[in-house]
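Asks: Residue numbers (the numbering used here): 2 to 73. Every residue gets a Cβ at the ideal spot worked out from N, C-alpha and C, and that includes glycine. Note that the structure is predicted; figures quoted are calculated from it, not measured.
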(Lines of atoms letter the chains of each structure in order from A and count residues from 1; the text may use other names and numbers.)
(Lines give C-alpha, C1' and ligand atoms only; values in the text may rest on other atoms or scores of the structure.)
Protein backbone atom coordinates (compact mmCIF):
# COMPACT_ATOMS: atom_id res chain seq x y z
CA UNK A 1 0.00 0.00 0.00
CA UNK A 2 1.41 3.37 -0.97
CA UNK A 3 1.24 6.31 1.36
CA UNK A 4 0.83 9.95 0.38
CA UNK A 5 2.63 13.08 1.58
CA UNK A 6 0.46 16.21 1.60
CA UNK A 7 2.48 19.41 1.48
CA UNK A 8 1.05 22.68 0.33
CA UNK A 9 -1.54 22.00 -2.35
CA UNK A 10 0.17 18.86 -3.66
CA UNK A 11 -0.05 15.20 -2.76
CA UNK A 12 2.88 12.96 -3.73
CA UNK A 13 2.93 9.17 -3.35
CA UNK A 14 5.52 7.66 -1.01
CA UNK A 15 7.00 4.21 -1.52
CA UNK A 16 8.10 3.25 2.00
CA UNK A 17 10.88 0.75 1.28
CA UNK A 18 12.06 0.51 4.88
CA UNK A 19 8.61 -0.49 6.19
CA UNK A 20 9.48 1.14 9.52
CA UNK A 21 7.18 3.56 11.30
CA UNK A 22 10.16 5.43 12.74
CA UNK A 23 11.53 6.35 9.35
CA UNK A 24 8.18 7.83 8.28
CA UNK A 25 8.02 9.88 11.49
CA UNK A 26 11.59 11.17 10.98
CA UNK A 27 10.72 12.02 7.38
CA UNK A 28 7.60 13.95 8.42
CA UNK A 29 9.64 15.89 11.01
CA UNK A 30 12.30 16.72 8.43
CA UNK A 31 9.71 17.97 5.92
CA UNK A 32 8.14 20.17 8.60
CA UNK A 33 11.59 21.64 9.35
CA UNK A 34 12.13 22.43 5.68
CA UNK A 35 8.71 24.06 5.19
CA UNK A 36 10.24 27.55 5.18
CA UNK A 37 13.14 26.64 2.88
CA UNK A 38 12.62 28.35 -0.49
CA UNK A 39 14.78 25.88 -2.42
CA UNK A 40 12.78 22.95 -1.00
CA UNK A 41 9.53 24.59 -2.10
CA UNK A 42 10.90 25.12 -5.62
CA UNK A 43 11.98 21.49 -5.90
CA UNK A 44 8.70 20.28 -4.38
CA UNK A 45 6.80 21.55 -7.43
CA UNK A 46 8.74 19.05 -9.60
CA UNK A 47 8.47 15.95 -7.35
CA UNK A 48 6.28 13.13 -8.63
CA UNK A 49 7.36 10.24 -6.38
CA UNK A 50 9.24 9.69 -3.11
CA UNK A 51 11.12 6.55 -2.06
CA UNK A 52 11.59 6.36 1.70
CA UNK A 53 14.48 4.32 3.07
CA UNK A 54 15.63 3.96 6.67
CA UNK A 55 17.99 6.98 6.65
CA UNK A 56 17.16 8.82 3.43
CA UNK A 57 14.32 9.94 1.22
CA UNK A 58 14.78 9.97 -2.54
CA UNK A 59 12.66 12.55 -4.34
CA UNK A 60 12.19 11.68 -8.01
CA UNK A 61 11.67 14.78 -10.11
CA UNK A 62 9.65 14.99 -13.30
CA UNK A 63 12.77 15.64 -15.43
CA UNK A 64 14.28 12.30 -14.40
CA UNK A 65 16.72 13.57 -11.78
CA UNK A 66 16.77 12.54 -8.15
CA UNK A 67 17.19 14.56 -5.00
CA UNK A 68 18.38 12.88 -1.81
CA UNK A 69 17.35 14.07 1.66
CA UNK A 70 19.03 12.74 4.80
CA UNK A 71 16.41 12.03 7.48
CA UNK A 72 18.53 10.43 10.19
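Applying the criterion that 16 or more other CB atoms from any shown protein chain within 10 Å of the CB defines a buried residue, is residue 39 buried or exposed?
Replies: As a working mapping, residue 39 is identified with position 38 in the chain shown. Exposed.
Asks: Are there 16 or more other CB atoms within 10 angstroms of the CB of residue 2, so buried, or fewer, so exposed?
Replies: As a working mapping, residue 2 is identified with position 1 in the chain shown. Summary for residue 2: the model assigns pLDDT 46, below 50, so the residue's position carries little reliability, and this model does not support an answer.
Asks: On a Cα-Cα basis, can you pick out the residue from 9, 62, 63, 65 that is closest to residue 33?
Replies: Mapped onto the chain shown, residue 33 falls at position 32. Of 9, 62, 63, 65, the residue nearest in Cα terms is 9.
Asks: By a C-beta neighbour count over all protein chains shown, 10 Å radius and 16 as the cutoff for buried, is residue 36 buried or exposed?
Replies: In the chain shown, the residue the question calls residue 36 occupies position 35. Residue 36 is exposed by the Cβ-count criterion.
Asks: Which residue's Cα is closest to the Cα of residue 30: 65, 56, 47, 44?
Replies: For the purposes of this step, residue 30 is identified with residue 29 of the chain shown, where counting begins at 1. Among 65, 56, 47, 44, the Cα nearest to that of residue 30 is on 56.
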